[in-house]
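> Following this message is one structure expressed as C-alpha cells.
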Amino acid sequence: MQNALQIVYLIPLLPLIGFLINGLGRKYLPKPVIGVVGSGVILASFILSVWVFMQVKGMPVPYIASYFNFISVGDLKIPFAFQVDQLSSLFLLIITGVGFLIHVYSTSYMHEEKAEHFGRYFSYLNLFIFFMLLLVMGANYVIMFIGWEGVGLCSYLLIGYWFKKTEYNKAANKAFIMNRIGDLAFLIAIFWIISRVGNVNFSDVFAVANGEVEFRKFSATDITVITLLLFIGATGKSAQIPLYTWLPDAMAGPTPVSALIHAATMVTAGIYMIARSNVLYSMSHITMDIVAYTGLATALLAATIALKQNDIKKVLAYSTVSQLGFMFLALGTGAYVAAVFHVMTHAFFKALLFLGSGSVIHAMSGEQDIRNMGGLSKKLKITFWTFVIGCIAIAGIPPFSGFFSKDAILLSAFVKSPLLYGVALFTALLTAFYMFRLLFITFTGTFRGTHEQAHHLHESPAGMTLPLIILAILSIIGGFVGVPEVFMHGGDRLGQFLAPVIKPNEMHHVSHSTEYLLMGLSTALVLVMIAAAWFKFRNYQRKEETGFGKVLENKWYVDELYDKIIVQPLHQLGGFFKSVFEVSVIDTLVNGVGKAVNYGSRQLRLLQSGQVGSYVLLMVLSMIVIFAVQFFIRK
Amino acid sequence: MEKKNNMPINNYILLSIALFCIGIVGVLTRRNAIIIFMCIELMLNAVNLLLVAFSKMHARAALLAGDVNGTAGTDGQLFVFFIMVVAAAEVSVGLAIIVMMYRNIHSVDVNFLNRLKH
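Going down the list, the sequences are from chains A and B. Count the first sequence with the numbering used here and you get residues 33 to 667, in order. Count the second sequence with the numbering used here and you get residues 1483 to 1600, in order.
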C-alpha cells in the first residue's frame, strides 16, 4: 500500500497526457475516442486520488515528493516538488471527482460540435484539471503559482471557446486581465517570502513563521504584507470585491466549463491557498479582519445582484460569488475547516446546479433567459428533481450538505461578532430566496417560450442525467462528514481529518442551547424565504423592473463604474500618447537622429578633398593628438 | 677614447628630433613627389639614428654593470636593419610609382593626383 504516494506524480501527469493526445490528435481522432480519453484520464486520476486519500489519513507529517530542481540561482533553490497531505488530498478528490463527472457530462453536452473543436474542448478541460492539480499538489509557492497561472490561462481558453463571437472573446479577456491583477500581487508576495525566508517551501515558510528557525524571522509587518498580497491574489482568482466582475462574464463559455470553473477548480484556488497558508493568516489579525469583511461584503453584494438576474447562468454565477464570499468570511474568522468544508459541499451542489442549468439550456435549444421558460418540471423530471435538491442544499436546509457547512460558517461568524452573524444570516436568506426564485420561475407555472421551443422540450440523455443524479446524491449526503459536535460527539470528521494541516480552532465554544437556537433560527427563516419565493414566483409573469430592482438588475452598475474610472481613463491616456506624445516627442526624437546623421555626414564629406597634402596633414595632426593623449593620460 | 664614448644621449635625441621634424615639414609643405620621398627617408633615418644611439647606451650600461658577454641593446640594432630593408623595398616601389606618374601626367606634383576623390 505504501506505493500510492510514490506514484503520486501520475495524478497530474495523466490529465497532461490526455491534453496532449486530444490536443495533438484533434484532427484525426473520432469524437468517441476523444471523449473516452478525456474522461478516462480524469477517472484514472480520481482512482489514484482515492488511493492517496486513504493513505494520508492520519498521516502526521506531509509526504513531500521532490523530483528535480526547478530553479537554482545562487542560494535560492526551488525544487519541483509535490506535497501530499490531508488538505491537498481532499482537494484532489474534489477536483478529479467532480471534474470527472463534468467530463462525462460534456461528452453529451458538446456532441453537436465538430470533432476538431470537440478535441480542442477536451484538451483544454484536461489541461485545466492538470494545472489545478499542480496548484494543490505543489510543495512550494512557486509550483502553486505555475498552477495558479495555468488555470487562469485555461479559463481564458475555455471562456473564449466559441471564439467567433467578439463578446465571448471580451469576456475571456476580462477574466484573464482581472486574474492577472491578482496574480501580480501573488508574485510580489512570493518575492517577499523569498527575501525573508530564502526559499518558498511551505514547510520552511511555516517553520519560520512559527519561530522554529534560529536566524530568520518574520516581523509583524512582513506577515501582514505577505498575507494581504496573497489575499489580493485570492480575490482575483476567487472572485471577491473588487475583482469579482469577471466571474459572471465567464458564463460565455460552454455550461460544463462554468461548472468546472465554479465548482471544482479555479475559484476554489484562492480558498485553498489561504487555507494552506493558515499559519501565516492566523498571525495577522488585520488581514483576518480584512478577509472576513471583504468576504461578507462580496457575499451580500453578489446575493443582492442575484435577486434580479434573468439569465439562468448569471444567477448561478452570482450565487457562486456570494458563496465564495461566505468561504472567505469563514477564513477570516479563523474557521479554515469550515471554509474547506464549504468548498467541498459547494463543489457538489454548484456543479449540480450548473449542469442542471446546462440540461435546461440544452432542452430549450440554447435559450438562457428564465423569463422565456416556466413549467419545465413536467418535461424535465430528472433535471427538475436534481435541481430542487441542489437548491435545497445551497439554501441550507438540514440534512442537506449545504446546511452543515453554512452552519459552521455562521457559527464562527457569530463567535467573532454578532454583527457579522446578522449580515451573514441575511445573505444566507437572500441566497435561499433567489435560488428558489430561479427554481420556481424556471420550472413552475406555464411555459412562456415559443411554440417551437415547447415542441423541442425533452429530457437530456443519460450521459447528462447520470452525473446530475450522482451529484444530487453527493449534495444530500456530502454534509455528513462534518456534523457539528452538538448533534454527535466526534461528528466533525473533516476537522479531525484535517487536523495535521489546520490546527483545530481553539475558539470559545458557544453553549449548546445557543447553537441549537441559531440553527433553528436560520432554518426557520430559510423556510419562510422559500415560502415567500413560492408565493411570489410560482406563476411568474414577465414585467419590467423599476427603481431599486433596476439597479440590482444592472448589477449595481459596477461594470459601468469600472468602465468609467479605470477603462475610460486608460483609453484616454492611450489616445493622448498616440496622438500627442508619439507625434511630438517620439517622432521628433527618431527623425532628429536621422537628420543629425544626415547633416553630419554631409559636413564630414568635405574632408575628402583629394589633396594628398591635406591627408598627410590630418595624419600628422592625428598622430600628435594620439601622442599627446598617451603622454598625458598614461601619467 | 673614454671621452668620445661619453657623448650624452641628449645630443642624439635632439639631432633625431631635428631630422624628424625637417622630414615632417618637408612632407607637409613640398609638392614635388621626389622631395616628399626624400623627406620620408629622412624621417626613417632619424628613427634609425635614435635606435642605434639607445642600443649603444644600453650595451654600455650593461658592460659597466659587469655583463661582459651580454647581448643588451642588440635588438635595437636589429630593428635598424629591418627598417633599412623595408626602406629599400619602399624606395623601389615608390620610385616605380613616381616614374609611372611622370609618364602619365608629365609631372611629379602630388597636387595633380586628386583624381582619387572622384
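The beta-carbon is built from N, C-alpha and C at its ideal position, and this holds for glycine as well.
Indicate the three-state DSSP secondary structure (helix, strand or coil) for P64 (chain A) in the structure shown.
In the first sequence, counting from the first residue as 1, residue 64 (chain A) sits at position 32. Correct three-state label for P64 (chain A): helix.
> What residues are listed by DSSP as bridge partners for N1514 (chain B)?
Locating residue 1514 (chain B) in the second sequence gives position 32, counting from the first residue. According to DSSP, N1514 (chain B) bridges with B:D1591.
> In the DSSP assignment, find the unbroken alpha helix (DSSP H) run with I534 (chain A) in it and report its ends.
For this step, residue 534 (chain A) is matched to residue 502 along the first sequence. No alpha helix (DSSP H) holds I534 (chain A); DSSP gives it neither H nor E.
> Go ahead and label R1585 (chain B) buried or exposed: buried means 16 or more other beta carbons lie within 10 angstroms of its beta carbon, across all protein chains shown.
In the second sequence, counting from the first residue as 1, residue 1585 (chain B) sits at position 103. R1585 (chain B) is exposed by the Cβ-count criterion.
> Roughly how far, in whole angstroms, is the beta-carbon of S474 (chain A) from the beta-carbon of G406 (chain A), given that I think they are within contact range, below 8 Å?
Position 442 of the first sequence, counting from 1, holds the residue named residue 474 (chain A). Position 374 of the first sequence, counting from 1, holds the residue named residue 406 (chain A). The sequence given here has Thr at residue 474 (chain A), not Ser. Between G406 (chain A) and T474 (chain A) the Cβ distance is about 7 Å, and since that is below 8 Å, they are a contact.
> Report the CB separation of L461 (chain A) from L557 (chain A) in whole angstroms; it is logged as a contact under 8 Å.
Taking the first sequence and counting its residues from 1, one reaches residue 461 (chain A) at position 429. Taking the first sequence and counting its residues from 1, one reaches residue 557 (chain A) at position 525. Right, the Cβ-Cβ distance comes to about 5 Å (below 8 Å), so this counts as a contact.
> For A266 (chain A) versus M315 (chain A), is the C-beta distance shorter than 8 Å?
The residue given as residue 266 (chain A) occupies position 234 in the first sequence. The residue given as residue 315 (chain A) occupies position 283 in the first sequence. No, these two residues do not count as a Cβ contact at 8 Å.
> Quick one: using the 10 Å Cβ neighbour count with 16 as the cut-off for buried, is M1483 (chain B) buried or exposed?
As a first step, residue 1483 (chain B) must be located in the second sequence, where it is residue number 1. Unreliable placement is indicated for M1483 (chain B), whose pLDDT of 38 sits below 50; the coordinate value is still reported in the next sentence. The residue in question, M1483 (chain B), is exposed, as its Cβ has fewer than 16 Cβ neighbours within 10 Å.
> Less than 8 Å between the beta carbons of A494 (chain A) and S444 (chain A), yes or no?
Counted from its first residue, the first sequence places residue 494 (chain A) at position 462. Counted from its first residue, the first sequence places residue 444 (chain A) at position 412. Not closer than 8 Å, so no.
> Whose Cβ in chain B lies nearer than 7 Å to the Cβ of L649 (chain A)?
Residue numbering aside, residue 649 (chain A) sits at position 617 when the first sequence is read from its first letter. Here the neighbours are L1510.
> Would you call the CB atoms of A271 (chain A) and V353 (chain A) closer than 8 Å?
In the first sequence, counting from the first residue as 1, residue 271 (chain A) sits at position 239. In the first sequence, counting from the first residue as 1, residue 353 (chain A) sits at position 321. Their beta carbons are under 8 Å apart, which means A271 (chain A) touches V353 (chain A) by this criterion.
> Residues in its own chain within less than 7 Å of K1590 (chain B) by CB, not counting five upstream and five downstream?
Residue 1590 (chain B) sits at position 108 when you count from the first residue of the second sequence. A small fix is needed here, since residue 1590 (chain B) is Val in this sequence, not Lys. Cβ within range, chain order: N1514, A1515, I1516, I1580, M1583, Y1584.
> Find the nearest neighbour of H135 (chain A) within the set A:N172, A:V68, A:G510, judged by alpha-carbon distance.
What you label residue 135 (chain A) is simply residue 103 of the first sequence in a count that begins at 1. That would be A:V68, whose Cα lies nearest to the Cα of H135 (chain A).
> Do you know how far the Cα of I226 (chain A) is from the Cα of F123 (chain A)?
One-based indexing of the first sequence puts residue 123 (chain A) at position 91. One-based indexing of the first sequence puts residue 226 (chain A) at position 194. Whole-angstrom Cα-Cα distance: 26 Å.
> Mind pulling the alpha helix (DSSP H) runs of 4 or more residues that sit fully within the region 218-247 of chain A?
For the region 218-247 of chain A, whole alpha helix (DSSP H) runs of length 4 or above, ordered along the chain, are 234-241.
> Going along chain A, which residues have a C-beta under 7 Å from V1573 (chain B)?
Taking the first residue of the second sequence as position 1, residue 1573 (chain B) is located at position 91. Per Cβ cutoff of 7 Å: no residues; V1573 (chain B) is ~19 Å from chain A at best.
> List the endpoints of the continuous beta strand (DSSP E) containing V105 (chain A).
Looking up residue 105 (chain A) in the first sequence gives position 73. Run containing V105 (chain A): 95-105, per the beta strand (DSSP E) assignment.
> Select from the region 1576-1594 of chain B all residues with a C-beta closer than 7 Å to any C-beta belonging to chain A, and list them in chain order.
Going along the region 1576-1594 of chain B in chain order, one finds V1592, N1593 with a Cβ nearer than 7 Å to chain A.
> Helix, strand or coil: which one does DSSP assign to V644 (chain A)?
To locate residue 644 (chain A), count along the first sequence from 1; it is residue 612. In the structure shown, V644 (chain A) sits in a helix (DSSP, three-state: H, G or I).
> Going by the beta-carbon positions, is the gap between M176 (chain A) and G170 (chain A) smaller than 8 Å?
Counting from one through the first sequence, the residue named residue 176 (chain A) turns up at place 144. Counting from one through the first sequence, the residue named residue 170 (chain A) turns up at place 138. Yes, they are a contact pair.
> Looking at A301 (chain A): is its Cβ nearer than 8 Å to the Cβ of W180 (chain A)?
Taking the first sequence and counting its residues from 1, the one referred to as residue 301 (chain A) is at position 269. Taking the first sequence and counting its residues from 1, the one referred to as residue 180 (chain A) is at position 148. Yes; because the gap between Cβ atoms is below 8 Å, this pair is in contact.
> In chain A, which residues lie less than 9 Å from I1495 (chain B) when you measure between Cβ atoms?
Within the second sequence, the letter at position 13 stands for residue 1495 (chain B). Within chain A, no residue comes near I1495 (chain B); the closest Cβ sits about 15 Å away, beyond 9 Å.
> Which bits of chain B does Q635 (chain A) rub up against, with CB to CB less than 7 Å?
In the first sequence, counting from the first residue as 1, residue 635 (chain A) sits at position 603. Under the 7 Å cutoff, chain B gives no residues; its nearest Cβ is about 16 Å from Q635 (chain A).
> Give a yes or no on whether the minimum CB-CB distance between Q643 (chain A) and chain E is below 8 Å.
The question asks about chain E, but that chain is absent: this structure's protein chains are A and B.
> Whose C-beta lies closer than 8 Å to the C-beta of F386 (chain A) among residues of the same chain, with five residues either side of it excluded?
Taking the first sequence and counting its residues from 1, the one referred to as residue 386 (chain A) is at position 354. Closer than 8 Å at Cβ, skipping near neighbours: T287, P288, S290, A291, H294, A295, K345, L348.
> When you compare each of A:I126, A:E199, A:L166 to V183 (chain A) by their alpha carbons, which one comes out closest?
One-based indexing of the first sequence puts residue 183 (chain A) at position 151. When only C-alpha atoms are compared, the closest one is A:L166.
> Would V657 (chain A) count as contacting chain B if we go by Cβ distances under 8 Å?
Within the first sequence, the letter at position 625 stands for residue 657 (chain A). Taking Cβ atoms only, chain B never reaches closer than 8 Å to V657 (chain A), which makes this a no.
> If you follow the beta strand (DSSP E) that I110 (chain A) is in, where does it begin and where does it stop?
By 1-based counting over the first sequence, the position of residue 110 (chain A) is 78. Segment 108-116, the beta strand (DSSP E) holding I110 (chain A).
> By DSSP's criteria, N686 (chain A) is part of a beta bridge. Which residues make up the other side?
This structure does not reach residue 686 (chain A), given that chain A is present from 33 up to 667, and the question cannot be answered.
> Since R308 (chain A) is in the alpha helix (DSSP H), which residue starts that stretch and which ends it?
Along the first sequence, read from residue 1 onward, the residue named residue 308 (chain A) stands at position 276. Where R308 (chain A) is concerned, the enclosing alpha helix (DSSP H) stretches over 299-308.
> Kindly indicate which residue of A:N201, A:S187, A:R228 has the alpha-carbon position closest to the one of R212 (chain A).
Looking up residue 212 (chain A) in the first sequence gives position 180. If we check each option's Cα against that of R212 (chain A), A:S187 comes out closest.
> Examine chain B for any beta-carbon lying closer than 8 Å to the beta-carbon of V652 (chain A), and answer yes or no.
Sequence index remark: in the first sequence, residue 652 (chain A) carries index 620 (1-based). Cβ-Cβ to chain B under 8 Å: yes for V652 (chain A).
> Less than 8 Å between the C-beta atoms of M359 (chain A) and G268 (chain A), yes or no?
For this step, residue 359 (chain A) is matched to residue 327 along the first sequence. For this step, residue 268 (chain A) is matched to residue 236 along the first sequence. No. Outside cutoff.
> By Cβ distance, which residues of its chain are closer than 7 Å to P44 (chain A), with the 5 residues on each side in sequence left out?
The residue given as residue 44 (chain A) occupies position 12 in the first sequence. Excluding residues within five positions, the ones whose Cβ falls inside 7 Å are F162, L165, L166, M169.
> Just curious, the alpha helix (DSSP H) that L387 (chain A) is in, first and last residue?
Here residue 387 (chain A) refers to the residue found at position 355 when the first sequence is read from its first residue. That run of the alpha helix (DSSP H) goes 368-395.
> Going by DSSP, which residues form a beta bridge with G514 (chain A)?
For the purposes of this step, residue 514 (chain A) is identified with residue 482 of the first sequence, where counting begins at 1. Answer is A:D524, bridged to G514 (chain A).
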